[in-house]
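**Q** Numbering (our numbering), first residue to last: 305 to 428. For each residue, glycine too, the CB sits at the ideal point set by N, CA and C. As the structure is a computational prediction, the values presented were derived from the model and not from experiment.
Right, dumping it as C-alpha cells:
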C-alpha cells in the first residue's frame, strides 16, 4: 500500500547471484539467491572487501557503543583476512554473529546485506 492509501505495485522479473535487503528500523528482510550452479564460494579478498565496505558505511551512522563494538569486530576480521589471505575456520561464524548481535545498528546499511550474502554462500 502507498502512503496515500492507494495500491502500490513492485515487479521484479529476474535476479541472479544477488543479495538485497528491504526493510527499515527493526524490519529487515535479506534475500540471498544462488543459482545452484556450484559456483565457488567467495575468497578472502572478496570477503575482505565486503568487511571494509561495511566499516566505511558505519562511519555515516551515529556514534554509539554498539557501533564501536561492531567496528572493532570488523577491524579484527579485516586484519586477519589481510594478514593471512585466507578465510580461517570460525571467521565466517564470528562475522555472522556480529551482524546478528548488532543488527539494529546495521539494518539500514546495504553493505551489511552484501556481507551477509557472502557469509551465506560460505555455508556454516
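In chain order, what residues of the same chain lie with their CB nearer than 6 Å to the CB of residue 410, ignoring the 5 residues before and after it?
**A** Around residue 410: 416.
**Q** Within the same chain, show all residues whose beta-carbon is closer than 7 Å to that of residue 352, passing over the 5 residues directly before and after it, in chain order.
**A** Cβ neighbours of residue 352 beyond the five flanking positions: 382, 385, 386.
**Q** Would residue 355 and residue 374 be called neighbours here (beta carbons separated by less than 8 Å)?
**A** No. Outside cutoff.
**Q** Could you compute how far the alpha carbon of residue 369 sits from the alpha carbon of residue 346?
**A** Looking at the two C-alpha atoms, the distance is approximately 30 Å.
**Q** Work out the CA separation of residue 425 and residue 392 for me, nearest whole Å.
**A** Spanning the two alpha carbons is a distance of roughly 15 Å.
**Q** For residue 389, count the other beta carbons within 10 Å of its own beta carbon; 16 or more makes it buried, fewer makes it exposed. Which is it?
**A** Exposed: under 16 other Cβ atoms inside 10 Å.
**Q** Please report the straight-line C-alpha distance between residue 376 and residue 359, rounded to a whole angstrom.
**A** Cα to Cα, the separation comes out at about 9 Å.
**Q** For the alpha helix (DSSP H) containing residue 394, name the first residue and the last one.
**A** Neither: residue 394 is in no alpha helix (DSSP H) and is coded neither H nor E.
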